[in-house]
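Just below is one structure, and these are the notes that go with it.
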Amino acid sequence: MGTCDSTMGLRNTLIVMALLLSVSTIPFSGAASLKSHAFFNETGELPCHFPNTQNLSLDELVIFWQDQNKLVLYELFKGQEKPNNVHPKYIGRTSFDQDSWTLRLHNVQIKDTGSYQCFIHHKRSQGLISIHQMSSDLIVLANFSQPEISLIANQTEKPNIINLTCSSMQGYPEPQGMYVNLTTKNSTITYDAVMKKYQNNITELYNVSISVSFPIPPETNVSIICVLQLEPRKIILSLPCNIDAKSPVPSPPVPDHILWIAAVLVTVVIVCGMVFLTLKKRKKQQPGPSNECEIIKVEGKESEQTEKRVELQEPDRSDEVQCDVNISKTASGNKSATDF
5 MGTCDSTMGL
15 RNTLIVMALL
25 LSVSTIPFSG
35 AASLKSHAFF
45 NETGELPCHF
55 PNTQNLSLDE
65 LVIFWQDQNK
75 LVLYELFKGQ
85 EKPNNVHPKY
95 IGRTSFDQDS
105 WTLRLHNVQI
115 KDTGSYQCFI
125 HHKRSQGLIS
135 IHQMSSDLIV
145 LANFSQPEIS
155 LIANQTEKPN
165 IINLTCSSMQ
175 GYPEPQGMYV
185 NLTTKNSTIT
195 YDAVMKKYQN
205 NITELYNVSI
215 SVSFPIPPET
225 NVSIICVLQL
235 EPRKIILSLP
245 CNIDAKSPVP
255 SPPVPDHILW
265 IAAVLVTVVI
275 VCGMVFLTLK
285 KRKKQQPGPS
295 NECEIIKVEG
305 KESEQTEKRV
315 ELQEPDRSDE
325 VQCDVNISKT
335 ASGNKSATDF
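Heads up: the sequence shown is residues 5 to 344, going by the numbering used here.
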């Protein structure tokens with residue numbers, strides 16, 4: 005009984021050790037995925053990072069990658085590629101680097117963004133044994149073109165208002181915003197606008213633009229720059245659009261004949277004014293018919309007053325007057341007598 009118990013205990017110990025060894029060769033499924041970046045229409049890398057501590061050859065292994073939808077990208081069965089097991093969307097787009105255990109995905113598209121897994125199995129007589137598994141996330145980017153500024157003809161009556169559009173094309177992911185900086189010698193002003201965006205249904209790339217109107221000071225030089233905000237700390241700047249200060253527009257010279265005409269008109273106006281003033285002055289100095297009537301009336305009043313004064317004085321002189329009358333009568337009588 006003691007021998008049997010010792011034999012069973014040894015067997016259980018060996019089984020547990022084998023299970024621990026097999027589990028140790030498979031990475032923990034909850035481990036964080038590696039992140040790799042690729043640019044649109046270029047090549048992305050999907051690493052596997054197989055340590056191969058047992059120095060196994062490819063003839064002993066079965067290796068394949070699949071995407072998040074369980075579609076197979078690539079399969080290598082005992083050193084031989086198996087294109088029949090690959091999904092059509094990945095045929096001809098992959099290559100396997102045996103030295104780094106990395107699968108390269110060519111002609112990357114925006115739709116290739118996602119999570120991928122590689123699996124490595126050891127092919128034995130009793131079947132396939134999983135010995136390595138790894139996940140990676142592929143992030144596909146597309147560089148936006150440098151923003152371009154286009155000036156629009158001013159259709160308003162305000163000459164100091166500038167209208168422009170700024171645009172950038174063929175980028176991914178969607179940018180955070182777009183704005184314009186107006187820089188003068190002493191200040192910089194930012195003008196925001198609602199960003200218009202268009203996403204292509206096939207390539208999934210974005211085209212973005214803004215339209216802005218703002219006043220510009222005519223007396224100083226101005227520099228306008230369009231800014232495309234991709235991330236909080238990543239921007240793309242346009243080439244500066246420089247507007248020089250406007251010099252004062254000189255008044256056009258007045259033609260000589262216009263000057264002569266103006267001089268003659270001024271002279272005529274002055275002469276006419278002087279003549280008018282002279283005639284007006286003379287008219288005031290020479291009384292008209294109405295004034296003569298007034299003078300006659302005044303003289304009439306004065307004669308009446310004189311007669312009244314004479315009548316008032318006659319009583320005082322009555323004797324003298326009568327004496328004169330008598331004398332004149334006597335003289336006249338003597339004269340008549342002599343004649344007879």
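From the three backbone atoms N, C-alpha and C, an ideal C-beta is built for every residue, glycine too.
Where DSSP assigns a beta bridge to Pro51, which residues make up the other side?
-> For Pro51, which the question treats as bridged, DSSP gives the partners Thr106.
Report the three-state DSSP secondary structure of Glu79 (helix, strand or coil).
-> DSSP, reduced to helix, strand and coil, places Glu79 within a strand of the structure shown.
Proximity winner among Ile193, Val270, Ala266 and Ala146, relative to Thr47 (alpha-carbon distances) | Per the Cα distances, Ala146.
Phe100, enclosing beta strand (DSSP E) - first and last residue | Thr98 to Asp101
What beta strand (DSSP E) runs, 3 residues minimum, are completely inside the stretch 123-199?
-> Listed in chain order, they are 131-145, 152-156, 165-175, 181-187 and 192-196.
What are the residues that DSSP puts in a beta bridge with Pro219?
-> Its beta-bridge partners are Ile165.
Nearest to Pro221 (by Cα), restricted to the options Thr188, Ile239 and Met173 = Thr188
Local Cβ density within 10 Å of Cys276, reported as buried at 16 or more and exposed below that | By the 10 Å Cβ count, Cys276 comes out exposed.
Count the other C-beta atoms from every protein chain shown that fall within 10 angstroms of the C-beta of Thr98, then say buried if there are 16 or more, exposed otherwise.
-> Thr98 counts as buried, since no fewer than 16 other beta carbons sit within 10 angstroms of its beta carbon.
Beta-carbon proximity list for Asn164, same chain, < 7 Å, skipping 5 on both sides | Around Asn164: Pro219, Ile220 and Pro222.
Same chain, Cβ closer than 7 Å to Asn111, neighbours up to 5 away in sequence not counted | Asn45 and Arg97
Which residue or residues does DSSP assign as beta-bridge partners of Cys245?
-> Ile228
Rounded C-alpha distance that separates Ser149 from Asn158 = 27 Å
Proximal residues to Asn89 (C-beta, below 6 Å), its chain only, five neighbours per side dropped | Val76 and Glu79
Taking just the CA atoms, how far does Pro55 sit from Leu38?
-> 16 Å
If you drop the 5 nearest sequence neighbours on each side, which residues of the same chain put their C-beta closer than 8 Å to that of Phe43?
-> Val112, Val144, Leu145, Ala146 and Asn147
Simplified DSSP assignment, three categories, for Asn88 = helix
Endpoints, beta strand (DSSP E) assigned at Phe68 | Leu65 to Asp71
Please list, in chain order, all residues of the same chain as Glu271 whose beta carbon is under 7 Å from its beta carbon, the five residues on each side excluded.
-> The sequence shown places Thr at residue 271, not Glu. Counting only Cβ-Cβ distances below 7 Å, and skipping sequence neighbours, we find nothing.
For Ser2, write down the residues that DSSP places opposite it in a beta bridge.
-> Because residue 2 is not part of the residues shown, which for the chain are 5 to 344, the question remains open.
Return the residue from the list Ile206, Leu186 and Lys287 that minimises the CA-CA distance to Ile114.
-> Ile206
Is it right to say Leu283 is buried, meaning 16 or more other beta carbons lie within 10 angstroms of its own, or is it exposed?
-> Burial call: exposed.
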